[in-house]
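Asker:
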Amino acid sequence: MKRRSFISKGTLGTFSAILGTDIVFGNTIPLGYKPLALQDPDPFKLFQKDSDMTVLNNKPWNIEAKAHLLDDKITPNKFMFIRNNGLIPENIDVNKWSLTIDGESVQKSKTYSLSELKSKFQQHTYQLTLECGGNGRSEFNPPAKGNQWTIGAVSCANWTGIRLRDVLEDVGIKNDAVYIGYHAADIHLSRNPEKEPISRGVPIAKAQQDETLLAFKMNGEDIPLAHGYPLRLVSGGWPASTSGKWVNRISIRNKEHDGAKMTGTSYRVPCEPVAPGEKVADEDMCIIESMPVKSLITYPKSGAMIKEGQSLNIRGHAWAGELEVSKMEYSIDFGSTWNSCTIEKPVNRLAWQHFSAKISGFPKKGYYEVWARATDSQGTGQPMLLPGWNPKGYLNNACHRIAIKVV
Amino acid sequence: MSSENEFKQQVRSLYQKLIAAFGLIAIAVFAFIYVALNPSVLQNKPEETAIITIPEVEGKIENGIHVATGFIDGTGLTEVIQNCTNCHSAKLVTQNRMTKEGWVATIRWMQETQNLWDLGNQEEAIVNYLATNYAPQKKGRREVLTDIEWYPLEK
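These protein sequence lines are chains A and B, in that order. Residues 75 to 481 (our numbering) are what the first sequence spells out, left to right. Residues 59 to 213 (our numbering) are what the second sequence spells out, left to right.
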């Protein structure tokens, strides 16, 4: 009530308002009235990101890469996208950090300290592809609400940690376990401590894969704060939202996990295809599991001008969720003809694969686009047009292309 | 007769005293319950209020854009800044495109799940601003590449 009156007074311009102590978070409200430019620290310095990265949102932080920034075989932190649903935890004390395993389907809930986790279980390192479910959202028509990711919400870094499976074995889980759901230390945008910004998970089978880690290192160093320091669940090949950051609790559920952004329309697509713009009832939306086949041309940067007769080397990465990429092609004539690229095997399951090709010549001067198309091990390829429209704008795996001019 | 009157008078005064006593008890009970439910009334604390001056929305507009937030200048800008940048960044608004219906649905979703307050009589101004300045653009099934920065690629 009082908050509302505060708001209505506020809209009259330079009004002072009385904030009673019963206004939850009232003391943080005026922050929003500072000019945003002054309020925000430099995200590139704050998170050690390259200054060519694109900030989509600063509250919460959402930052994406550009295709040419993702040229490294192993994505360094400076080019890794940030997708946060809430505010980054404040005052993290690693010495007090613990992980609790609880839920309907544990024999008995158990809590581990961080050092216990590191010493008690064997450590593994995998290179894992993490792509935001909404990567490519900006292209959907009609548009979908949310962060308008273009192509840069994907990364493939080395993650070091322990297998979630080993921890679950140590705790002891019941036969009726269906799903796991993570809980974390991040803060809801409203700063309401009762609300979790995000609490998602995966089916028990995915949780028990070799590559599903409770990670404490990224590329050999402590996980950067924005990426989940000091403990992150990493489940490669699935929407990156299943890889919970700042994890302090994992619930073993006897039903599909029902935490924040598991239900409703979040990270879900229509169970049956719909026409663009069609309304879909919540109960007709199904959870996204493995991400679809996709690729990016990371070299050259779009806009390259080459001389007539000059050949062009291209390279990039391709990935296919739980599957492998078995074929990689490029086209310089908008899909009329396709030529094959060399595609490497992944260094481990769920890691992206590197492709390259030498385009020996363009037929004449002029404007070209180089399109890339990956096909997964089940024969499913990337569409050149946008894939099936869905209300929240997920899973856009349309072919990536770059512009080339022959002069 | 007189003793009978005296008796009646005594009964009446006793009756009045009883009524008064019950009334006092009722008031006491009511007061007790009230205090129990609102413990703060007894804490005779000085009004812990802070007077906060809300700066007028910084008026600097360049090329039709409100510099501090990146919002397009237009009717309803003030209401949008004051209601839509408390919890999230203005960027979450400016990167989206929705119809009036879509913006209303988004506001309802925020009210149901994200602790957004009732926008009251400002909702119309906010929705009109958003639907006017951030309306969907037709993109078709695939857009042409734009904003290409051309550069010579040395071999």
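For each residue, glycine too, the CB sits at the ideal point set by N, CA and C.
In the stretch 189 to 219 of chain A, which residue ranges form an unbroken beta strand (DSSP E) of at least 3 residues, counting only runs that do not cross its ends?
Answerer: Runs found: 197 to 205.
Asker: From which residue to which residue does the alpha helix (DSSP H) around K158 of chain B run?
Answerer: 158 to 171
Asker: Of all Cβ atoms in chain A, is any one closer than 8 Å to the Cβ of N173 of chain B?
Answerer: yes
Asker: Tell me which same chain residues have a C-beta within less than 8 Å of the C-beta of S369 of chain A, skipping the five on either side of it?
Answerer: G390, H391, A392, W393, V399, M402, F429, A446, R447, A448, Q456, C473, H474
Asker: Give me the Cα-Cα distance between K184 of chain A and E190 of chain A, rounded to the nearest whole angstrom.
Answerer: 12 Å
Asker: In chain A, what lies closer than 8 Å to N154 of chain B by C-beta?
Answerer: P217, K219, G220, Q222
Asker: Kindly indicate if chain A contains any beta-carbon less than 8 Å away from that of T164 of chain B.
Answerer: Closer than 8 Å to some Cβ of chain A, the Cβ of T164 of chain B qualifies, so yes.
Asker: Hey, M379 of chain A and K479 of chain A: beta-carbon distance below 8 Å or not?
Answerer: yes
Asker: For the beta strand (DSSP E) that contains Y404 of chain A, what are its first and last residues?
Answerer: 399 to 405
Asker: Closest to L202 of chain A by CA distance: which of A:S193, A:A231, A:N221 is it?
Answerer: A:A231
Asker: Using three-state DSSP, classify F80 of chain B as helix, strand or coil.
Answerer: helix
Asker: Compute the Euclidean distance between the alpha carbons of G160 of chain A and W412 of chain A, then round it to the nearest angstrom.
Answerer: Roughly 43 Å between the two C-alpha positions.
Asker: Looking at the secondary structure, which residues open and close the beta strand (DSSP E) in which C473 of chain A lies?
Answerer: That residue, C473 of chain A, is in no beta strand (DSSP E); it is neither H nor E in DSSP.
Asker: How close, in whole Å, do the beta carbons of Y256 of chain A and G275 of chain A come, if the pair is a contact with beta carbons under 8 Å?
Answerer: 6 Å
Asker: What residues in the stretch 366 to 386 of chain A have a beta carbon less than 9 Å from any beta carbon of chain B?
Answerer: P374, K375, S376, G377, A378, M379, I380, K381, Q384, S385, L386
Asker: Check T143 of chain B in the structure and name its three-state DSSP category.
Answerer: coil
Asker: Which same chain residues end up closer than 7 Å to V168 of chain A when comparing Cβ atoms and leaving out the 5 residues on each side of it in sequence?
Answerer: L188, P304
Asker: Counting along the chain, where does the beta strand (DSSP E) carrying D176 of chain A start and finish?
Answerer: 172 to 176
Asker: Going by DSSP, name the residue or residues bridged to E443 of chain A.
Answerer: A:A477
Asker: In chain B, which residues lie with their C-beta within 7 Å of the C-beta of A477 of chain A?
Answerer: In chain order, L203, I206 make up the part of chain B whose C-beta sits under 7 Å from the C-beta of A477 of chain A.
Asker: From L112 of chain A to I139 of chain B, what does the alpha carbon distance come to, in whole angstroms?
Answerer: With a pLDDT of 40 at L112 of chain A, under the threshold of 50, the modelled position of this residue cannot be trusted; read the value that follows with caution. Their backbone Cα atoms lie some 15 Å apart in a straight line.
Asker: I'd like to know if K197 of chain B contacts chain A, where contact means its C-beta is closer than 8 Å to some C-beta of that chain.
Answerer: yes
Asker: List, in order along the chain, the chain A residues whose C-beta lies closer than 8 Å to that of L211 of chain B?
Answerer: Those are P374, A378, M379, I380, L386, listed as they occur along chain A.
Asker: Please return the same chain residues whose Cβ sits closer than 6 Å to the Cβ of I406 of chain A, not counting the five positions on each side in sequence.
Answerer: Y442, V444
Asker: Taking the C-alpha atoms as reference points, what is the distance between I206 of chain B and C206 of chain A?
Answerer: 25 Å
Asker: Below 9 Å between beta carbons is the criterion; list the residues of the stretch 417 to 448 of chain A that meet it against any residue of chain B, in chain order.
Answerer: E443
Asker: So, does the CB of S364 of chain A fall closer than 8 Å to a CB anywhere in chain B?
Answerer: no
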